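First comes the structure, then the notes that go with it.
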Amino acid sequence: MPGANSVTSNQETLHKDLEEVVRKYARTTFLRPIADHTREAFAEVEEFVRKFYATRNANNGTAPRAVILDSGCGTGESTIHIARRFPGIPVIGIDKSCARLNKAGNPSQTAGEDIPANAFWIRAELLDFWRLALDYVKACKWTIPYHAVYYPNPWPKQSEATRRFHMHPIFPTLLALGKTIELRTNWEIYAREFAEAARIVFEERAKSADAIAKGDSRLLRLRSAQAPAGMTDAAGMTIKCESFDPEKPETAFERKYKEARQKLWRVLVALPQ
Ligand SMILES: C[S@@+](CC[C@H](N)C(=O)[O-])C[C@H]1O[C@@H](n2cnc3c(N)ncnc32)[C@H](O)[C@@H]1O
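Okay, here's the thing in structure tokens:
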């Protein structure tokens, strides 16, 4: 499509501060207070998940409930595709834009079929929603087998780099949330930075695990604040960064980029199951 411009940036390779910034945030906890409206949104999601399993007489809450997140879902089209891929699991599309979410589930997205019963959209701030979700994962109330982060704003100006998810203090939370995270982007540098940032966070976790084994209690406190119980640091974790050509676009942005023949990139970060 004319108009889907490829990303232009004054940055030609990985950001010079990537490693320093990511290591710093891997060792700290993001403490900004959580907004009330996102707490309310989270409670709505929790209710949807509970009812979804209750109506199927499945998972009465004694085992963690599987939940899939579609973060920054925009107009919500990807939520429908993902919900069809995982029919037995609630799929939550989250976005802060009311205007975009108002388009979710419209007939052009469903191709005449019903909206899948496991799809749900909510307006919320991701930086807060992810921390509430991590509390649920740590408390063994939820498990997140798949987390879609499709085409986040790339913030391509070098001066705005710390707004990229992987250079923000939220990144360790994002990585701790899901068993498999899939990031899609039309900017190769964003994909490569995301993959490298994930590698650095897991390296930091491995170091702190090592220090804990040697009895450093300060690191033990920090690590338990960030990682869910049972999370196995770097061991067995895989990070794959590759270009790909989706047969059928799954999001509005993906369609625009594909029609404009832009190269698309994805990063898969997978923890051992
Ligand atoms: C470039 S759009 C991509 C939308 C969709 N994934 C797609 O591919 O069509 C990025 C989306 O992320 C949302 N977003 C960005 N930062 C967010 C945040 N902190 N909390 C919630 N939504 C956010 C924006 O509102 C926007 O809809």
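Here my numbering is used: the sequence shown runs in plain steps of one and ends on residue 797. Cβ atoms here follow ideal geometry from the backbone N, Cα and C, with glycine treated the same way. Remember, predicted model here, so these are calculated numbers, not experimental data.
Item: Considering only residues of the same chain and omitting the five flanking positions on each side of Pro640, which have a CB-CB separation below 8 Å?; Value: Ile604, Ala607, Arg608, Pro611, Val615
Item: Once DSSP output is grouped into helix, strand and coil, what is the label at Glu536?; Value: coil
Item: Beta-carbon distances below 5 Å to any heavy atom of ligand 1 define the shell here; list its residues in chain order, please.; Value: Gly596, Gly598, Asp619, Lys620, Ser621, Arg624, Glu649, Leu650, Tyr674, Tyr675, Thr775, Ala776, Phe777
Item: With DSSP collapsed to three states, give me the class of Glu637.; Value: coil
Item: Between Phe718 and Val791, which are expected to be in contact by the criterion C-beta below 8 Å, what is the C-beta distance as a whole number of angstroms?; Value: 5 Å
Item: Rounded to a whole number of angstroms, what is the C-alpha to C-alpha distance between Lys540 and Val725?; Value: 17 Å
Item: Among the candidates Pro557, Ser621, Leu701, whose CA atom is the shortest distance from the CA of Tyr670?; Value: Leu701
Item: Might you give, ordered along the chain, the residues of its own chain that have their beta carbon closer than 6 Å to the beta carbon of Gln682, omitting 5 neighbours on each side?; Value: Asn534, Gln535
Item: Between the Cα of Trp666 and those of Phe695, Phe689, Ile613, spot the shortest distance and give me the residue it belongs to.; Value: Ile613
Item: Taking Ala657 and Glu706 to be in contact with their CB atoms under 8 Å, please state how far apart those CB atoms are, rounded to whole angstroms.; Value: Not really, about 16 Å apart at Cβ, beyond 8 Å.
Item: To which residues does DSSP link Lys764 through a beta bridge?; Value: Leu792
Item: Can you tell me whether Leu542 is buried or exposed? The criterion is at least 16 other CB atoms within 10 Å of its CB, across all chains shown.; Value: buried
Item: What are the boundary residues of the beta strand (DSSP E) that Val545 is part of?; Value: It is not in any beta strand (DSSP E) - Val545 instead sits in the alpha helix (DSSP H) that spans 542-550.
Item: Quick one: what does DSSP say Phe777 is sitting in, helix, strand or coil?; Value: helix
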